[in-house]
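These notes are about the structure you will find just below.
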Amino acid sequence: MTRPSTPLVMGVVNVTPDSFSDGGRYDDPERAIAHGRELLAEGADILDVGGESTRPGATRPLLAEELDRVVPVIEALAADGATVSVDTMRAEVAARALEAGATIVNDVSGGLADPAILDAVAGAGATYVAMHWRAHSDRMQQFTAYDEQGGVVAAVRAELAQRVAAIRGAGVRDDRIVLDPGLGFAKLPHHNWELLRHLDVLAELGYPLLVGASRKTFLGRLLEDAAGQPRPVGEREAAGVALSSLLAAGLGGAPVWCLRVHDVRAHRDALAVAAQWGPATDRAVAPERDRE
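Under UniProt numbering, think of the first position of the sequence shown as 1, with each following residue one higher.
Here it is, written out as structure tokens:
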């Protein structure tokens with residue numbers, strides 16, 4: 001059996017005071033820059049710099065706050081030669097980040113929160129990661145009904161296809177589009193597992209896939225204690241590492257282009273193990289494909 005290409009690793013750099021994963025440890029630009037450099041040393045292929053928390057219930061920062069958080073970090077890390085992604089839903093932040101040296105825009109809303117972001121991406125010729133999304137974090141868990149649409153896999157595929165049409169219509173090139181199933185966003189735990197089992201259905205759309213499962217609530221629910229309490233965020237890493245190994249080995253029936261993670265070294269080790277599980281194709285290097 002031929003195993004899929006080893007995924008790239010995207011290291012998370014949260015420049016926020018209310019991040020679910022690190023509690024604001026890197027909300028100061030200098031600490032965030034240092035953390036980004038640590039992730040590079042651990043083997044990150046991409047650094048994903050974000051200034052807005054998207055944890056369940058989070059409120060949005062002001063535009064100026066988000067810019068002040070991310071632009072200095074992106075400038076410094078890009079100057080180091082890092083491949084930098086900006087995690088934002090705002091067109092102005094995306095445009096400023098691209099000017100500062102970012103080459104990827106990771107938009108959890110897939111262009112729904114601010115459609116002008118697609119014009120900024122197209123104009124810069126940047127790579128665009130479009131995630132499945134239904135609403136902002138403060139109310140997204142009100143939109144977890146999928147049964148009337150043929151189940152979560154069919155619904156996510158259809159809604160991502162709609163976003164692809166809008167993204168292409170704005171002029172973003174096909175070889176610059178990446179799709180993300182949006183684990184944890186307007187989804188219950190069983191929805192996330194169903195999507196992971198059927199990544200092949202999403203891959204039928206013809207674009208590379210990014211998966212961000214690291215430290216998310218559905219992993220905490222999987223590991224809940226006898227009283228039904230989820231495993232704390234800081235104690236979910238082992239489950240995420242196991243999932244990275246399975247994804248790299250072909251769980252879901254489709255190759256994953258990139259894994260978005262917090263602990264780069266642990267996930268890089270998991271991918272090294274998965275790489276030994278049968279013959280491998282060349283390692284993924286870019287979200288580009290030939291299309292007729």
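Note that the Cβ used here is the ideal one computed from N, Cα and C, for glycine as well.
Thinking just about the alpha-carbon of each residue, which of His-35, Leu-259 and Glu-224 is nearest to the one in Leu-179?
For the residues His-35, Leu-259 and Glu-224, the minimum Cα distance to Leu-179 belongs to Leu-259.
With a threshold of 16 other CB atoms inside 10 Å of the CB of Pro-7, please say whether the residue is buried or exposed.
buried
Relative to the C-alpha of Gly-123, which candidate in Ser-109, Ile-104 and Val-273 has its C-alpha closest?
Taking only the C-alpha atoms, the option nearest Gly-123 is Ile-104.
For Leu-47, report the span of its beta strand (DSSP E) as first-last.
Residues 46-50.
Proximity of Ala-113 and Ser-85 at Cβ, strictly below 8 Å
no
Between Glu-42, Gly-43, Ala-41 and Arg-60, which lies nearest to Gly-50 when the distance is taken from Cα to Cα?
Arg-60
Going by the CB atoms, is the gap between Glu-52 and Glu-38 shorter than 8 Å?
no
Which residues bound the beta strand (DSSP E) around Ala-158?
Counting along the chain, Ala-158 falls outside any beta strand (DSSP E), though it belongs to the alpha helix (DSSP H) covering 152-169.
Quick one: Cα of Ala-154 to Cα of Asp-269, how far?
33 Å
Reduced DSSP secondary structure (H/G/I, E/B, other) of Gly-11:
strand
Cα separation between Ala-135 and Asp-87?
16 Å
Helix, strand or coil for Gln-276, going by three-state DSSP, please let me know.
coil
Which listed residue (Ala-130, His-190, Val-108 and Val-13) has its alpha carbon closest to that of Thr-144
His-190
Under the assumption that residue 294 contacts Thr-54 (Cβ atoms under 8 Å), give the Cβ distance between them as a whole number of angstroms.
An answer regarding residue 294 cannot be provided, because it is not within the stretch 1 to 292 covered by the chain.
Would you tell me roughly how many angstroms separate the C-alpha atoms of Ser-214 and Gly-169, rounded to the nearest one?
Their backbone Cα atoms lie some 32 Å apart in a straight line.
Taking the CB atoms as reference points, tell me whether His-132 and Phe-185 lie closer together than 8 Å.
yes
Between Gly-253, Leu-246 and Gly-110, which has its C-alpha nearest Tyr-128's C-alpha?
Gly-110
Residue interval of the beta strand (DSSP E) (run including Arg-260):
258-261
When burial is assigned at 16 or more other CB atoms within 10 Å of the CB, is residue 314 buried or exposed?
No statement about residue 314 is possible, as the shown extent of the chain runs from 1 to 292 and does not include it.
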